[in-house]
Amino acid sequence: MSTDAVIAAIADPTRRRLLDALRERDGRSVRELTEAVAPLGPHVVLKHVRVLEAAGLVVTQKVGRRRLCHLNPVPIVQLAERWIDDFGARTASGLTALKRQLEDEGRVT
């Protein structure tokens, strides 16, 4: 899995929605993921899953006729470690928490 493959995979908004769906509940079938990113069909979703799988972001497991998808966060963590040092991570974490709080209060859109 290359850094370029990971970045290319997460650049697509549909693939990010699929990763978000797996983050909410891991081990979803392709059918369940299709429902999560409707109106896309299962063939389109499977193509996106294959891209995520090639980048190492998703691991699939065939169980009978179902293909279960599991999130692998390691490549994303490796990207973060590559570009964010400890100080930068703490600063960014504080700023994102502030942004989230302001959004919850309706001050920022």
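Residue numbering for the sequence shown follows full-length UniProt numbering, beginning at 1 and increasing consecutively.
For each residue, glycine too, the CB sits at the ideal point set by N, CA and C.
Where do the N-terminal and C-terminal ends of the alpha helix (DSSP H) with residue i fall, by residue?
{"i": "Arg15", "result": "Pro13 to Glu24"}
{"i": "Ile76", "result": "Val74 to Trp83"}
Contact defined as beta carbons within less than 8 Å: I believe residue i pairs with residue j. What is the distance between those atoms, to the nearest angstrom?
{"i": "Leu19", "j": "Leu71", "result": "7 Å"}
{"i": "Gly27", "j": "Leu52", "result": "Wrong, their Cβ atoms sit about 15 Å apart, outside the cutoff."}
{"i": "Ala9", "j": "Ala55", "result": "4 Å"}
{"i": "Thr60", "j": "Val45", "result": "That pair is no contact at about 12 Å."}
Could you give the distance in angstroms between the alpha-carbon of residue i and the alpha-carbon of residue j?
{"i": "Arg23", "j": "Ser29", "result": "13 Å"}
{"i": "Val6", "j": "Leu40", "result": "22 Å"}
{"i": "Arg90", "j": "Gly64", "result": "45 Å"}
{"i": "Ala21", "j": "Arg15", "result": "10 Å"}
{"i": "Leu57", "j": "Pro75", "result": "6 Å"}
{"i": "Val77", "j": "Gly106", "result": "30 Å"}
{"i": "Ala38", "j": "Ile84", "result": "34 Å"}
{"i": "Glu103", "j": "Arg25", "result": "25 Å"}
{"i": "Glu81", "j": "Lys47", "result": "28 Å"}
{"i": "Lys62", "j": "Gln101", "result": "41 Å"}
In its own chain, which residues sit with a C-beta less than 8 Å from the C-beta of residue i, not counting the 5 before and 5 after it?
{"i": "Leu79", "result": "Thr3, Val6 and Ile7"}
{"i": "Ala36", "result": "Arg17, Leu18, Ala21 and Arg28"}
{"i": "Arg31", "result": "Pro42 and Arg66"}
{"i": "Asp12", "result": "His48 and Val51"}
In terms of residues, what are the limits of the beta strand (DSSP E) holding residue i?
{"i": "Val37", "result": "Unbroken run through Val37: none, as it is neither H nor E."}
{"i": "Leu71", "result": "Arg66 to Leu71"}
Given that a residue counts as buried once 16 or more other Cβ atoms are within 10 Å of its Cβ, and exposed if not, what is residue i?
{"i": "Leu95", "result": "exposed"}
{"i": "Ala92", "result": "exposed"}
By Cβ distance, which residues of its chain are closer than 7 Å to residue i, with the 5 residues on each side in sequence left out?
{"i": "Pro73", "result": "none"}
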